[in-house]
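Enquirer: The opening residue of the sequence shown carries number -15 in our numbering; numbering runs sequentially from there. Where a beta carbon is used, it is the ideal one built from N, C-alpha and C, also for glycine.
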Amino acid sequence: MARVLVCPPTSFGVEYVINPWMTGNVGAVSARTARRQWDALVHILSARCEVSTIDPAPGLPDMCFVANGGFALGRAFVPATFAVSQRTPETALFHDWASAAGYDVVALEEDIPFEGEGDALWWPGQALLWAGYGVRSSLECHRTLAERLRVHVASLRLIDARFYHLDTCFVPLPDKRVIYYPAAFDLRSRRLVESLVPADRRIEVSDEDALHFACNAVRLGNTLICNHASPALRRRLADWGYEVIATPLDEFIKAGGAAKCLTLLLDQEVPAGFESRAAVRSPIRSQALEMDGHLLDKSVLPRAFELVAEAGGSARLERFRGGARADQTSHARLKVSAPEQPLLERIVQQLHDATPDIAVAVAGETGDATLSAVKQAGVAPDDFCCSTIYPTDVRVAGRWLRVGAQRMDAAIRVSVQAEEAIAACVLPRDLRPGDLVVRGENGVRVHVPETPHAGTDFGFMSAGVSSERRVENAVEELALEMRRIRARHGRTVVVAGPVVIHTGGGRHLADLVRDGYVQALLAGNALAVHDLEANLYGTSLGVDLVRGAAVRGGHRHHLRTINRIRAAGSIAAAVRSGLIGGGVMFECVRGEVPFELAGSIRDDGPLPETRMDLIEAQAAYARQLVGADLILMLATMLHAIGVGNMTPAGVRLVCVDINPAVVTKLADRGSVESTGIVTDVGLFLNLLAQRLR
Ligand code: ARG
């Protein structure tokens, strides 16, 4: 049985104006009508759930809107911290009620506004909290809610003062459904809703319904209780199996509230299997800015607040010291928050640009990066800053420089070129005496992307082996991408292991090379050896590629192959002389597609082109990877991981391997741009070549 909390409207009235609905209604409420309407609502609720009450307090005319008193989830209750001073005394009353009712009370910082369930709606059956900000509740409280309650929060920004609380324009329903009024939200928020809720599970209500508080609805089982719903809305809800009970609440609408505002849900739970989740990382980011200058002139501060809000962020004045005389400057510390890092960076930049006469500095910034000169060739200072695959900035002489040639496990070298300081990743072994290298973490910022939302389908490796359907879908998508890359003369780099040849994928890979889908091939000695062997003898490591059985004496084929290529002088020469008439290497030579073969300790031969100097081989790989749009890693753990280390985040990686461990290893990059497909690489290439034909 569901449980809700209500508060009798004995003190209810409109005594001040804190939202547009209250304008013109001060003193205009009929206590009797309000009571009658409230009783009718509670009558409907009582027939469907257990109703508890909190005692109203004199002098708090809005307390009947209990939804704003706090938010209950499982055993936790988070009392509101009101944005409006008129309602601040309610916090203590809800706090006391919750602890008496046995909740673990989770108190938020006093100065971070959070108006309870009015701006925090749990998505039943999902592990997600929809939270509103922009009018009353702050964006900052979303981050605290996420961390304290260990839940994911989807932050929606409200942009219409009439829809000042999320529960006036948004109803999350079970089965991944929502009812909402899109015009109440900014573009980013609408996109977020669209990305989290499938189109056939969203009902967009009309202006008429929205303005009559249709979205201010209480759901109990398959019943929705609200002030009003148009026949059209009722029909759509009936299709979803909901019955709508409309009960007039216009006396409360004079204060800006209706059914949902008058009800607080008490039995919300995190679905089983989600509650033990480790800490949740909220994507919300904040940055404190120190502002110095004539802040009181030309309303610099109010303009700054406006700019931040309009850009979708939220700002708080943490400190202010005004100049005492007209010619003195003022100082302010402004904390700016945004739903995610890139937006925060854009907002900070806009603030800089909009206040040219004001010094805006990032607070707490450690100043410039520490640089030290290299003393010994090929050796970095002991505490050198070790690079990652993520975009990185270093601060030099007060300016942030984006690090170039981003890769993992390198040092960051700062040098001056054409009077400009530049920063780039350099392997420690390539450092020369006198090079300036970043030490420690001061003045370094790394832009690590947030982990994807829990429950979203991440790549393909979740189940180990990908189902046929999923492989087909992945190939379909990949083919589309490869066509696009070819059309715009982009770069696809293939990293492949010999299994490609053993599994019969060689001819399909050869087709891709021939048709211009591959701009560089990175492999070891073996891929080339077996590809050439297949061409000369029809076998791969002695196994007949057509019959799939070992050929008598076939174990000698690959050595014979190497021997014949060495006799010809090189793979390229063997192709030109007509010795090799097909296959992957043949197509590379013919189409002038560069290939780099990196040697290893187990190599036979090696082939003349195989680079046995590993440092050279790494450098050769790295050269081919510059500007790659897509890297296709085919059944090779060694070379794929090597390539992964050299590749900055942001490059699309597709890793195909029969061994889930290899695929997972690459997906560890945590980036959405990597896809892992666990399947037989020969079958995969066959499918891909078919799709690209
Ligand atoms: N007059 C109240 C206020 O402005 C109404 C609150 C409505 N509550 C809600 N959850 N939308 O605070």
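Hey, would you say ASN206 sits closer than 7 Å to GLY225, going by beta carbons?
Expert: Taking the sequence shown and counting its residues from 1, one reaches residue 206 at position 222. Taking the sequence shown and counting its residues from 1, one reaches residue 225 at position 241. Less than 7 Å separates the beta-carbon of ASN206 from that of GLY225.
Enquirer: Candidates ALA402, ARG383 and ILE406: which alpha carbon is nearest GLN390's?
Expert: Taking the first residue of the sequence shown as position 1, residue 390 is located at position 406. If we check each option's Cα against that of GLN390, ILE406 comes out closest.
Enquirer: Note the first and the last residue of the continuous alpha helix (DSSP H) segment covering ASP286.
Expert: Within the sequence shown, the letter at position 302 stands for residue 286. The question names Asp, but residue 286 is Pro in the sequence shown. Residues 284 to 294.
Enquirer: At a cut-off of 6 Å, would you count GLY240 as near the ligand ARG, judging by its Cβ distance to the nearest heavy atom?
Expert: For the purposes of this step, residue 240 is identified with residue 256 of the sequence shown, where counting begins at 1. For the ligand ARG, at least one heavy atom lies less than 6 Å from the Cβ of GLY240.
Enquirer: Indicate whether GLN325 and ARG269 have their beta-carbon atoms separated by less than 7 Å.
Expert: Translated into the one-based positions of the sequence shown, residue 325 becomes position 341. Translated into the one-based positions of the sequence shown, residue 269 becomes position 285. The answer is yes: Cβ separation under 7 Å.
Enquirer: In its own chain, which residues sit with a C-beta less than 6 Å from the C-beta of ARG379, not counting the 5 before and 5 after it?
Expert: Stepping through the sequence shown from its first residue, residue 379 is reached at position 395. Result list for ARG379: ASP352, ALA353 and GLY427, in chain order.
Enquirer: Would DSSP call PHE442 helix, strand or coil?
Expert: Here the question's residue 442 lines up with position 458 in the sequence shown. Because the pLDDT of PHE442 is 37, which lies under 50, any placement of that residue in the model is unreliable, and the number read from its coordinates should be weighed accordingly. Here DSSP, grouped into helix, strand and coil, assigns PHE442 to coil.
Enquirer: Please confirm whether any heavy atom of the ligand ARG lies closer than 6 Å to the CB of HIS212.
Expert: For the purposes of this step, residue 212 is identified with residue 228 of the sequence shown, where counting begins at 1. Every heavy atom of the ligand ARG is 6 Å or more from the Cβ of HIS212, so no.
Enquirer: Quick check on this structure: which residue in SER69, LEU92 and PRO63 has the alpha carbon closest to the alpha carbon of SER83?
Expert: On the sequence shown, residue 83 is found 99 positions in, with the first residue counted as 1. Residue PRO63 is the option with its Cα nearest to SER83.
Enquirer: Considering only the beta carbon of each residue, do VAL681 and ALA619 sit closer than 7 Å?
Expert: This structure does not reach residue 681, given that the chain is present from -15 up to 677, and the question cannot be answered.
Enquirer: What are the start and end residues of each continuous beta strand (DSSP E) run of 3 or more residues lying completely inside the stretch 586 to 642, in chain order?
Expert: 614 to 618 and 636 to 641
Enquirer: Can you tell me the Cα-Cα spacing of HIS541 and LEU464, whole angstroms?
Expert: Along the sequence shown, one-based indexing puts residue 541 at 557. Along the sequence shown, one-based indexing puts residue 464 at 480. Whole-angstrom Cα-Cα distance: 38 Å.
Enquirer: Return the chain-ordered list of same chain residues with a C-beta closer than 6 Å to the C-beta of PRO682, the five sequence neighbours on each side being excluded.
Expert: Any property of residue 682 remains undetermined from this structure, which presents the chain solely from -15 to 677.
Enquirer: Any contact of the stretch 525 to 542 with the stretch 575 to 583, i.e. 3+ C-beta pairs under 8 Å?
Expert: The answer is no - the stretch 575 to 583 does not touch the stretch 525 to 542, with fewer than three Cβ pairs under 8 Å.
Enquirer: With DSSP collapsed to three states, give me the class of ASP276.
Expert: Here residue 276 is taken as the residue at index 292 of the sequence shown, counted from 1. It is a strand residue.
Enquirer: Please tell me whether, using a cut-off of 6 Å, the distance from the CB of THR65 to the nearest non-hydrogen atom of the ligand ARG is below it.
Expert: Your numbering for residue 65 matches position 81 in the sequence shown. Checking the Cβ of THR65 against the ligand ARG gives no.
Enquirer: Inspect the CB distances between the stretch 167 to 184 and the stretch 138 to 153 and report whether three or more fall short of 8 Å.
Expert: yes
Enquirer: Given this structure, state the Cα-to-Cα distance separating LEU506 from VAL478, to the nearest angstrom.
Expert: Here residue 506 refers to the residue found at position 522 when the sequence shown is read from its first residue. Here residue 478 refers to the residue found at position 494 when the sequence shown is read from its first residue. So the alpha carbons of these two residues sit roughly 6 Å apart.
Enquirer: For the ligand ARG, is there a heavy atom less than 6 Å away from the beta-carbon of ASP46?
Expert: Within the sequence shown, residue 46 is the residue found at index 62, counting from 1. It does: the Cβ of ASP46 is within 6 Å (strictly closer) of some heavy atom of the ligand ARG.
Enquirer: Report all residues from its chain with a CB closer than 8 Å to the CB of ALA181; omit the five preceding and five following residues, and keep chain order.
Expert: Here residue 181 refers to the residue found at position 197 of the sequence shown. Residue 181 is actually Val in this sequence, not Ala. Closer than 8 Å at Cβ, skipping near neighbours: LYS160, ARG161 and VAL162.
Enquirer: Which of the three DSSP states is assigned to ILE469 in this structure?
Expert: The residue given as residue 469 occupies position 485 in the sequence shown. In the structure shown, ILE469 sits in a helix (DSSP, three-state: H, G or I).
Enquirer: Under a three-way DSSP split, which group does ASP223 fall into?
Expert: Taking the first residue of the sequence shown as position 1, residue 223 is located at position 239. Assigned with DSSP and collapsed to three states, ASP223 falls in helix.
Enquirer: Tell me, please, which residues DSSP counts as bridged to SER321.
Expert: Your numbering for residue 321 matches position 337 in the sequence shown. According to DSSP, which records beta bridges pairwise, SER321 is partnered with SER270 and SER298.
Enquirer: Put PHE61 into one of helix, strand or coil per three-state DSSP.
Expert: For the purposes of this step, residue 61 is taken as the residue at position 77 of the sequence shown. The answer is strand: DSSP assigns PHE61 an E or B state.
Enquirer: Whole angstroms is fine: what's the gap from VAL568's alpha carbon to ASP495's?
Expert: Counting from one through the sequence shown, the residue named residue 568 turns up at place 584. Counting from one through the sequence shown, the residue named residue 495 turns up at place 511. Spanning the two alpha carbons is a distance of roughly 8 Å.
Enquirer: Taking the beta strand (DSSP E) that ALA114 belongs to, which residues open and close that run?
Expert: In the sequence shown, residue 114 corresponds to position 130, counting from 1. In the sequence as presented, Ala is not what sits at residue 114; that position holds Trp. Taken as a continuous stretch (DSSP letters only), the beta strand (DSSP E) holding TRP114 covers 112 to 117.
Enquirer: Going by DSSP in three states, PRO156 sits in which element: helix, strand or coil?
Expert: As a position in the sequence shown, residue 156 is number 172, starting the count at 1. Three-state result, PRO156: strand.
Enquirer: Counting only the same chain and skipping the five closest in sequence on each side, list residues whose C-beta sits under 8 Å from that of SER446.
Expert: Start at 1 with the first residue of the sequence shown, and residue 446 comes out as number 462. With a pLDDT of only 42 at SER446, under the threshold of 50, the placement of this residue in the model should not be trusted; the figure read from the coordinates follows. Around SER446: no qualifying Cβ.
Enquirer: Give the C-beta separation of ILE555 and ALA512 to the nearest angstrom, bearing in mind that I take them to be a contact with Cβ-Cβ under 8 Å.
Expert: Taking the sequence shown and counting its residues from 1, the one referred to as residue 555 is at position 571. Taking the sequence shown and counting its residues from 1, the one referred to as residue 512 is at position 528. Sure, about 6 Å apart at Cβ, within 8 Å.
Enquirer: Evaluate contact between the stretch 8 to 18 and the stretch 229 to 237, counting only Cβ atoms and requiring at least three cross-stretch pairs below 8 Å.
Expert: yes
Enquirer: Leaving out five residues on either side along the sequence, give the residues of the same chain with a beta carbon under 6 Å from the beta carbon of VAL68.
Expert: Taking the sequence shown and counting its residues from 1, one reaches residue 68 at position 84. Cβ neighbours of VAL68 beyond the five flanking positions: ILE2.
Enquirer: Quick test of your reading: TRP5 and GLY297, contact by CB under 8 Å. State the CB separation rounded to the nearest angstrom.
Expert: Sequence index remark: in the sequence shown, residue 5 carries index 21 (1-based). Sequence index remark: in the sequence shown, residue 297 carries index 313 (1-based). The pair is not a contact, with the Cβ atoms about 26 Å apart (cut-off 8 Å).
Enquirer: Give every residue of the same chain whose Cβ lies closer than 7 Å to the Cβ of ASP528, excluding the five residues on either side of it in the sequence, and list them in chain order.
Expert: Sequence index remark: in the sequence shown, residue 528 carries index 544 (1-based). So the list reads GLY522 and VAL535, once near-sequence residues are dropped.
Enquirer: Could you tell me the boundaries of the beta strand (DSSP E) in which GLU580 lies?
Expert: As a position in the sequence shown, residue 580 is number 596, starting the count at 1. Counting along the chain, the beta strand (DSSP E) containing GLU580 begins and ends at 579 to 582.
Enquirer: Could you give the DSSP three-state label for TRP5: helix, strand or coil?
Expert: By one-based count along the sequence shown, residue 5 stands at place 21. Three-state DSSP puts TRP5 in a helix.
Enquirer: Select from ALA343, HIS473 and ALA299 the residue whose C-alpha is nearest the C-alpha of SER122.
Expert: The residue given as residue 122 occupies position 138 in the sequence shown. Ranking the options by Cα distance to SER122, first place goes to ALA299.
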